[in-house]
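Undergrad: Residue numbers (my numbering): 675 to 1088. Before I ask anything, here is the structure I am working with.
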Amino acid sequence: MSSEAISSRPGIFRGWLVVAAAFAVTFIGFGSAYTFSAFLEPLQHDFGASRGSVSLVFSLAGFLYFGLGVVSGPLADRFGSRPFAVIGMLLTGLGLAAASAARNLIEVYAAYGLGVGLGVGCAYVPAIGAVQRWFVRQRGFASGLAVSGIGVGTLAMPPLATLLIDMLGWRGAYLALGALAAIIGGGMALWIENDPRARGLGPDGDPPLSVASMARAKGASVREAVRSGRFLALYAACLICSFGVFVPFVHLVPYARDHGVAASTAVLLLGVIGIGSTAGRFFLGGLADRIGRQSSLLLMFAGMAIALSIWLVSTGIWSLAAFAFVYGVFYGGWVAVLPAVVMDHFGGRNVSGIIGILYSSVAFGTLIGPSAAGFAFDLTGNYTLPILASAAANIAAAVIVAVMFRSTPAHRGN
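Dropping the structure here:
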């Protein structure tokens, strides 16, 4: 019996299996990347490096895993998402394993920065882009569920990394995480499929579309999308906000340590971000389907700015935990809503390519933000300036989107 016939039987809609695979890819990929804060002090100690120079390791990886979507997204639209997701997970594992053997900080830049950066960059946009095509009515919820792997990974992986560091040292911990990424991440990525039309299915589990509709995917070309005012507004907003978005992922743990919080407790703050992020992806992603995904995007920028203001006055573990949770909620909502907004405005024909180009804005912000925050700390001895700048960047992003979306017509890509 053909796979198409099996797929059309009543039961679990195949799109949810694609969501599960994308969840696993984001869990393993970003979970491994966001363990970096647990490794910052051991790397700083063993290589005698400044906080800014060690932070640059994460910034390089972040630049690549967001920036590579410019290449991986369009290629996934053309050749399918699955091979890129599988290769990405294998590269992530290889990069972590290579980092375990680094003899100096430059080799950590090459192994972790290039390996993890290229790996997550190959996998992330193709996996998330595939999910968008499988849903219409539940797109915000499905997108949120898929990217909630980032939040759950942020919750689970840093404590695991800390445990592995205590047991095996930082080198053994990187080796173990590399094996996890290659075996579990690579295996789960095999479930990703590019488009329901290939199985004779419609989005959301609806009956198959007509032959004429299946023959062509609707939506803007990449050229049409990137020249539109709405895309430019999204790009500018994401570029500006991303200068501060990932600063907590690198510097919250050392910030807490600077204020007397024990290392084993400080690393749990990343888990609190993960809890909030998971909640934000689930609940705000679904809420966006009801109140409007464009309005929800503005809410996410404003919420991150408010949360960062809490961080500015937090010194104890409970106030830092409150910041981490609130920030995680709105950060998670931002990650969940953004791909759905792109699909809403530009359609599914080139959604992975358009998302990939959009995420290049986040790449530049991630390259500069966390490392700049580290160098600012090296100069001033505190994080006041980076936190203020991060909050201001999110406010500016909200204003840009509000103004530009009001003044430019929607692209009817869907």
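Heads up, the beta-carbon is just placed ideally off N, CA and C, and yes, glycines get one too.
Whole alpha helix (DSSP H) runs in the region 709 to 789 with 4 or more residues, listed along the chain?
TA: Counting only runs of 4 or more, we get 710 to 721, 725 to 741, 743 to 753, 756 to 773, 779 to 782.
Undergrad: Please specify which runs of the alpha helix (DSSP H), each continuous and at least 4 residues long, are wholly inside the region 830 to 907, giving them in chain order.
TA: You should have 885 to 888, 896 to 900.
Undergrad: Going straight from the alpha carbon of Ile1102 to that of Phe1004, what length do you get?
TA: In this structure the chain extends from 675 to 1088, so residue 1102 is not present and cannot be described.
Undergrad: Need the endpoints of the alpha helix (DSSP H) that Gly793 sits in, please.
TA: From DSSP, the alpha helix (DSSP H) with Gly793 extends over 791 to 807.
Undergrad: Going by beta carbon distance, what residues of the same chain come within less than 8 Å of Ser884, once the five residues before and after it are set aside?
TA: For Ser884, the predicted structure reports a pLDDT of 48, less than 50, and the residue's modelled location is therefore unreliable. A value from the coordinates is still provided. There are no such residues.
Undergrad: With distance defined between alpha-carbon atoms, name the residue in Val896, Phe1038, Gly703, Pro832 nearest to Ala863.
TA: Answer by Cα proximity: Gly703.
Undergrad: For Phe721, collect the residues of the same chain with a Cβ closer than 7 Å to its Cβ; drop the 5 residues on either side in sequence, then sort them by chain order.
TA: Around Phe721: Asn778, Leu779.
Undergrad: Check for me: the alpha helix (DSSP H) holding Leu942 runs from which residue to which?
TA: 942 to 953 is the extent of the alpha helix (DSSP H) around Leu942.
Undergrad: When we look at the beta-carbon of Gly934 and count the other beta-carbons within 10 Å, is it buried (16 or more) or exposed?
TA: The residue in question, Gly934, is exposed, as its Cβ has fewer than 16 Cβ neighbours within 10 Å.
Undergrad: Could you spell out where the alpha helix (DSSP H) holding Arg1023 opens and where it closes?
TA: Arg1023 -> no alpha helix (DSSP H), and no H or E assigned at all.
Undergrad: Within 10 angstroms of the Cβ of Ile965, are there 16 or more other Cβ atoms? Answer buried if so, exposed if not.
TA: By the neighbour-count rule (16 or more Cβ atoms within 10 Å), Ile965 is not buried but exposed.
Undergrad: Could you check how far apart the C-beta atoms of Val728 and Leu717 are, in whole angstroms? I think they sit under 8 Å.
TA: 5 Å between Cβ atoms; contact.
Undergrad: Would you please state the rounded distance, in angstroms, between the beta carbons of Val1011 and Met978? I believe it to be under 8 Å.
TA: Incorrect: roughly 12 Å between the Cβ atoms, too far for contact.
Undergrad: What does a CB cutoff of less than 8 Å around Arg955 pick up in its chain, not counting 5 residues either side in sequence?
TA: Excluding sequence neighbours, Arg955 sits near Gly818, Leu819, Val821, Ser822, Ile824, Gly825, Gly1006, Gly1007, Val1009, Ala1010.
Undergrad: Hey, could you find the ends of the alpha helix (DSSP H) Arg967 is sitting in?
TA: From DSSP, the alpha helix (DSSP H) with Arg967 extends over 967 to 986.
Undergrad: Less than 7 Å separating the beta-carbons of Ala911 and Ile1074?
TA: The answer is yes: Cβ separation under 7 Å.
Undergrad: Between the region 1028 to 1047 and the region 836 to 845, do at least 3 Cβ pairs fall closer than 8 Å?
TA: No, the region 1028 to 1047 is not in contact with the region 836 to 845.
Undergrad: Going by other Cβ atoms of all chains shown within 10 Å of its Cβ, with 16 needed for buried, is Arg904 buried or exposed?
TA: Its Cβ being crowded by 16 or more others within 10 Å, Arg904 is buried.
Undergrad: What is the DSSP secondary structure of Ala936, reduced to helix, strand or coil?
TA: Looking at Ala936 - three-state DSSP - the assignment turns out to be coil, as it is neither helix nor strand.
Undergrad: Give the range of the alpha helix (DSSP H) segment to which Ile702 is assigned.
TA: 688 to 707 is the extent of the alpha helix (DSSP H) around Ile702.
Undergrad: To which residues of the same chain is Leu730 closer than 6 Å at the C-beta, ignoring the five residues directly before and after it?
TA: Once the five neighbours on either side are set aside, the close Cβ partners of Leu730 are Ser1045.
Undergrad: Excluding the 5 residues preceding and the 5 following Gly767 in the sequence, name in chain order all residues of the same chain whose CB lies nearer than 6 Å to its CB.
TA: Excluding residues within five positions, the ones whose Cβ falls inside 6 Å are Gly852, Ala855, Ala856.
Undergrad: Output needed for Ser887: all residues of its chain with C-beta closer than 7 Å, excluding positions within five of it in sequence on either side, in chain order.
TA: At Ser887 the pLDDT is 46, less than 50, meaning the model places this residue with poor confidence and gives no usable figure here.
Undergrad: Expressed to the nearest angstrom, what Euclidean distance is found between the alpha-carbon atoms of Ile991 and Ile866?
TA: Rounded to whole angstroms, Ile991 to Ile866 spans 40 Å at the Cα level.
Undergrad: Under three-state DSSP, which class holds Val919?
TA: If DSSP states are grouped into helix, strand and coil, Val919 belongs with the helices.
Undergrad: Under three-state DSSP, which class holds Gly1039?
TA: Gly1039 falls in the helix class under three-state DSSP.
Undergrad: Evaluate contact between the region 794 to 805 and the region 750 to 764, counting only Cβ atoms and requiring at least three cross-stretch pairs below 8 Å.
TA: The answer is yes - the region 750 to 764 touches the region 794 to 805, with three or more Cβ pairs under 8 Å.
Undergrad: Please state whether DSSP places Thr828 in a helix, a strand or coil.
TA: Residue state, collapsed to three classes: helix.
Undergrad: Could you name each continuous alpha helix (DSSP H) segment of 4 residues or more that falls completely within the region 991 to 1032, going from the start of the chain to the end?
TA: As far as the region 991 to 1032 is concerned, its whole alpha helix (DSSP H) runs of at least 4 residues are 991 to 1020.
Undergrad: Does DSSP classify Arg931 as helix, strand or coil?
TA: DSSP places Arg931 in helix when its eight states are reduced to three.
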